[in-house]
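Number of protein chains: 2
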Amino acid sequence: MVIDSHAHVMLPPKRQVKLMAEAKVDCTILFTSMIHPETATSIAALEEELNNLYDILNGVKNPLNERIRAIEELVTVIKKNPEKYIGFGSIPIGLSYEENLVWIDKYILANNFRGIGELTPGAGKIFQIEPLFRASQEVGNLPLWVHTFMPLNFEDIKELLTLAKKYPAVSIILGHLGGANWLNTLKAVKDIPNAYLDLSATFTTMAPVFAIKEYPERTFFSSDAPYCSPLTARTIIEQLVEDCHILEQVLGGNIARLLEIG
Amino acid sequence: MVIDSHAHVMLPPKRQVKLMAEAKVDCTILFTSMIHPETATSIAALEEELNNLYDILNGVKNPLNERIRAIEELVTVIKKNPEKYIGFGSIPIGLSYEENLVWIDKYILANNFRGIGELTPGAGKIFQIEPLFRASQEVGNLPLWVHTFMPLNFEDIKELLTLAKKYPAVSIILGHLGGANWLNTLKAVKDIPNAYLDLSATFTTMAPVFAIKEYPERTFFSSDAPYCSPLTARTIIEQLVEDCHILEQVLGGNIARLLEIG
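Sequence lines, in order, name chains L and D.
Going by the working numbering, 4 is the number at position 4 of the first sequence; the sequence numbering is gapless.
Going by the working numbering, 162 is the number at position 162 of the second sequence; the sequence numbering is gapless.
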């Protein structure tokens, strides 16, 4: 089974199904999207959408209503094609332990989501998600998917991995493989078996090459659609990996094992 | 004709020829490489190679002898397959106008290189390459290929484009499309017809999609090998561009026109 382990809701939903079919993806782990850059047909429209995203990533905006609306949108999309999608639910950064539990109960577990993310803590703000690690542990170890590209630096990634060590039952997926810090990240996760590596958004294919070489059981193919098409993301991985068994694991087996899919 | 508009010398040279054949690339614009990460088979070895590169990019190292050795290596590789390669020669950052002229004469023109790069000015140091724009203009407008990913920020890119406006006969190729600043870069080059866009190292395919849509005549396919394979880089572009004529231009026509190839 080929599983796109990280994509955001795209509009219209038919387009997402079509892109999955084109890439021969059987199942997508679907995440909310507060913005829809895939609908932009001009640079000006795209800029408006992306600036909203950067404001969220940089902590300038944290619109609760937008987040809840995006979760409802995700639920609606999954309900139309429940055999194609598994959801991960988003959560605001900076909640207390109790607030995390309330949110998880109301918006994650109630919607049958299987994990939490995309978490986008700001640089220097990793400490804000420690209560979430505790809350995840409390409710059965929901995996956490964390954006580790810009604006995070390697100090943040190390702090995140310290939390992963402190909560070894909580799986953490390092989105985008640490970004510019991919090589240090590969070294840092060595003895942290609950740290997994997402292969999207790589600006050099050396990063996934070495990630898969070192961690063939902990690396996940994903498109991060709409930021890359599932077909292109899959093709990149297929052209990198020669061993058929490892390819199968990276394209789906590894995430299936983590989330107990199929 | 399919032209990989930016790749570095890879070792052994046979491997580069094989990768070009696999990607059906007819001609590669070849640049020096002071390091050879493609020879690394372990993370430790890779780290050693890349740390050397980062030291050069960040201005910590600027080893003249290494640069000259890399130029000699490039000349040797091209001489073995002159029909497959066109060279761009490197130059130290920070030379005076006269020093630039001497270097260009000795290491660029004498080797029949057709342009200068990869230039890797540090953040806040774009002013150091103004004398090179003047020198290029003096010797017949050799195109300049500038790395615009990290560590440059958008202020640096704007300063670079100010130089491009001041020296309109000197073509400038913005390597890696401005990196994280790709959207602002796309807006900024609008009225600067001598500014061209290199499509390698994109961490989101939205960047080349909009770059090609806005500037179908000013965008160049490249692999940045060994940081991506020519086949993967070509496949990414082919999967993005539907119009056959535009695809042909991006895959080779545009750079052929700029460098008067074929």
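Beta carbons are placed, not taken as given, at the ideal position from N, Cα and C, and that holds for glycine.
State yes or no: is the C-beta of residue i within less than 8 Å of the C-beta of residue j?
| i | j | result |
| --- | --- | --- |
| D/Tyr97 | D/Pro121 | no |
| D/Leu231 | D/Ala207 | no |
| L/Ile246 | L/Thr205 | no |
| D/Phe133 | D/Tyr167 | yes |
| D/Ala180 | D/Ile172 | no |
| D/Val17 | D/Asn81 | yes |
| L/Phe210 | L/Leu186 | yes |
| L/Asn184 | L/Phe149 | no |
| D/Leu152 | D/Ala123 | yes |
| L/Glu217 | L/Gln249 | yes |
How far does the beta strand (DSSP E) with residue i in it reach, from first residue to last?
| i | result |
| --- | --- |
| D/Cys27 | Cys27 to Phe31 |
| D/Ile212 | Unbroken run through D/Ile212 is the alpha helix (DSSP H), Met206 to Glu214; no beta strand (DSSP E). |
| D/Ala195 | Ala195 to Asp198 |
| L/Tyr85 | Tyr85 to Gly89 |
| D/Ile71 | First-last for D/Ile71: Leu64 to Lys80, but that is the alpha helix (DSSP H), not the beta strand (DSSP E). |
| L/Glu118 | Gly115 to Leu119 |
| L/Leu152 | That residue, L/Leu152, is in no beta strand (DSSP E); it is neither H nor E in DSSP. |
| D/Ala7 | Ile3 to His8 |
Taking residue i as the query, report the chain D residues whose CB atoms sit under 8 Å from its CB, ordered along the chain.
| i | result |
| --- | --- |
| L/Glu214 | Ile43 |
| L/Gln249 | Residues of chain D passing the Cβ test: none, with the nearest at roughly 20 Å. |
| L/Gln239 | Ser229, Leu231, Thr232 and Thr235 |
| L/Trp37 | Trp is not the amino acid found at residue 37 of chain L; the sequence shown has Pro there. Near L/Pro37 (Cβ distances below 8 Å), the residues of chain D are Met206. |
In chain order, what residues of the same chain lie with their CB nearer than 7 Å to the CB of residue i, ignoring the 5 residues before and after it?
| i | result |
| --- | --- |
| D/Gln128 | Ile93, Gly94 and Pro121 |
| L/Glu138 | Leu101 |
| D/Phe113 | Gly87, Phe88 and Gly89 |
| D/Leu11 | His36, Glu38 and Thr39 |
| D/Pro226 | His8, Met10, Pro37 and Glu38 |
| L/Glu238 | Leu247 |
| L/Leu74 | Val9, Leu30, Thr32 and Gly87 |
So which residues of chain D does residue i contact, with C-beta pairs closer than 9 Å?
| i | result |
| --- | --- |
| L/Ala256 | Ordered by position in chain D, no residue passes the 9 Å Cβ test against L/Ala256, which lies about 25 Å from the chain. |
| L/Leu50 | Leu183 and Met206 |
How should residue i be labelled, buried or exposed, when 16 other C-beta atoms within 10 angstroms of its C-beta is the threshold for buried?
| i | result |
| --- | --- |
| D/His147 | buried |
| D/Thr76 | exposed |
| D/Glu38 | buried |
| D/Ala195 | buried |
| L/Cys27 | buried |
| L/Asn254 | buried |
| L/Gly276 | Nothing about residue 276 of chain L can be reported from this structure: the residues present for chain L run from 1 to 262 only. |
| L/Arg257 | exposed |
| L/Leu19 | buried |
| L/Ala188 | buried |
| D/Cys228 | buried |
| L/Thr219 | buried |
| L/Glu48 | exposed |
| L/Glu118 | buried |
| L/Asp243 | exposed |
Which stretch, first to last residue, makes up the alpha helix (DSSP H) that contains residue i?
| i | result |
| --- | --- |
| D/Phe133 | Glu130 to Glu138 |
| D/His147 | Segment Leu144 to His147 is the beta strand (DSSP E) holding D/His147; no alpha helix (DSSP H) there. |
| D/Ala188 | Trp182 to Ala188 |
| L/Leu240 | Pro230 to Leu240 |
| L/Ile173 | Element bounds for L/Ile173: not the alpha helix (DSSP H) but the beta strand (DSSP E), Ile172 to Gly175. |
| L/Pro256 | The amino acid at residue 256 of chain L is misidentified as Pro; the sequence shows Ala. Its alpha helix (DSSP H) spans residues Asn254 to Leu259. |
| L/Glu98 | Tyr97 to Trp103 |
| D/Ala21 | Pro13 to Glu22 |
| D/Ile246 | Cys244 to Glu248 |
Spatial neighbours of residue i within its chain, please: C-beta separation below 8 Å, excluding the five flanking residues on both sides.
| i | result |
| --- | --- |
| D/Ala70 | Val9, Thr32, Ser33, Met34 and Ser90 |
| D/Ser222 | Asp4, Ser5, His6, Ala7, Ile29, Asp198, Leu199, Ser200 and Ala233 |
| L/Asn52 | Met34, Ile35 and Lys61 |
| L/Ile116 | Phe88, Gly89, Ser90, Ile91, Ile104, Ile108, Leu132, Ser136, Leu142, Pro143, Leu144 and Trp145 |
| D/Leu50 | Ile35 and Pro37 |
| D/Ile261 | Met1, Ile3, Cys27, Ile86 and Ile255 |
| L/Ile68 | Tyr107 |
List the residues of chain D that residue i touches, going by C-beta distances under 7 Å, in chain order.
| i | result |
| --- | --- |
| L/Gly236 | It should be pointed out that residue 236 of chain L corresponds to Ile in this sequence rather than to Gly. Under the 7 Å cutoff, chain D gives Thr232. |
Strictly below 9 Å CB to CB, what residues from chain L border residue i?
| i | result |
| --- | --- |
| D/Tyr227 | Phe203, Thr204, Thr205 and Met206 |
For residue i, I'd like the list of residues in its chain whose CB is within less than 6 Å of its CB, leaving aside the five on either flank, ordered along the chain.
| i | result |
| --- | --- |
| D/Trp182 | Ala207 |
| D/Ile78 | Tyr85 and Gly87 |
| D/Gly252 | Met1, Val2 and Ile3 |
| D/Glu159 | Ile126 |
| D/Ala23 | Pro230, Leu231 and Arg234 |
| L/Pro63 | none |
| L/Leu259 | Arg114 |
Going along chain L in order, which residues have a C-beta closer than 8 Å to the C-beta of residue i?
| i | result |
| --- | --- |
| D/Ala210 | Note on identity: in this sequence residue 210 of chain D is Phe, with Ala being the wrong assignment. What D/Phe210 touches in chain L: Ile43 and Leu46. |
Run through chain L and tell me which residues come within less than 7 Å of residue i, C-beta to C-beta.
| i | result |
| --- | --- |
| D/Ala180 | Met150 |
| D/Lys263 | Since the first residue of chain D shown is 1 and the last is 262, residue 263 of chain D is not available in this structure. |
| D/Pro13 | The premise fails here: D/Pro13 is roughly 20 Å from chain L at the closest Cβ pair, so nothing lies under 7 Å. |
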